[in-house]
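Numbering (our numbering), first residue to last: 152 to 354.
Yeah, the Cβ is synthetic: ideal placement off N, Cα and C, and Gly gets one too.
All values derive from a computational prediction rather than experimental measurement.
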């Protein structure tokens, strides 16, 4: 009898999971977070949970490699090998919370769920030597600045095979600091448009 109940419970969970009609109804999503912005690119991850149908909340963190927009190409005169060198060494480490609201989930195809999302949290700027040849040792003498970031974007969640999920979004991100960051650019605000891609699993 006990074994029968366990089997029934497992089957019930599997069938319940398979009956989602939209990404707005899934219980949880764990994803890799990739972003390209006007000021750099980032890599991180996120976890989100359903609060209500079509409403999720979650946590997100990433590491952003800031680009000055003034990279130049260097060619090795002996080997002919070329590489791009950045004229700024600045990183942003972010961790925050977000809410996501899906729309039209009962009027569109099951695998297609547009949404709007707002994110916010602290951001730590790590400012190191701008020498393009500096290596990882530059972090030993880094300067640190604490600020606040916020992000607004519109996107689409896609429900894929094998419980995979794909998110594509565009938006705008603001990184605000009380004092100027970087000795060359001397900016308190590092803002810009962003393209967001998440790939993960839903449960």
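Whole angstroms is fine: what's the gap from residue 188's alpha carbon to residue 302's? 11 Å
If distances are taken between C-alpha atoms only, which option among 293, 294, 288, 270 comes closest to residue 347? 270
Rounded separation between residue 181 and residue 292 - CA only: 35 Å
Suppose the cutoff is 7 Å on Cβ atoms and the five residues either side in sequence are ignored; what does the same chain contact list for residue 139 look like? What the structure shows of the chain is the stretch from 152 to 354, and residue 139 is not part of that stretch, so it cannot be assessed.
Considering only the beta carbon of each residue, do residue 239 and residue 217 sit closer than 8 Å? yes
Suppose the cutoff is 7 Å on Cβ atoms and the five residues either side in sequence are ignored; what does the same chain contact list for residue 264 look like? 173, 174, 175, 253, 256, 307, 308
Pick from 279, 328, 298, 299: whose alpha carbon is nearest that of residue 290? 279
Considering only residues of the same chain and omitting the five flanking positions on each side of residue 204, which have a CB-CB separation below 7 Å? 175, 176
Relative to the alpha-carbon of residue 304, which residue among 343, 281, 178, 227 has its alpha-carbon at the smallest distance? 343
Report the three-state DSSP secondary structure of residue 334 (helix, strand or coil). coil
Using DSSP with H/G/I as helix, E/B as strand and the rest coil, what is residue 293? coil
Report yes if the C-beta distance between residue 326 and residue 183 is below 8 Å; otherwise report no. no
So, at 6 Å on beta carbons, what are the nonlocal neighbours of residue 233 in its own chain, with the 5 sequence-adjacent residues on each side left out? 224, 226
Based on the DSSP output, what are the partners of residue 231 in its beta bridges? Paired residues: none, contrary to the question.
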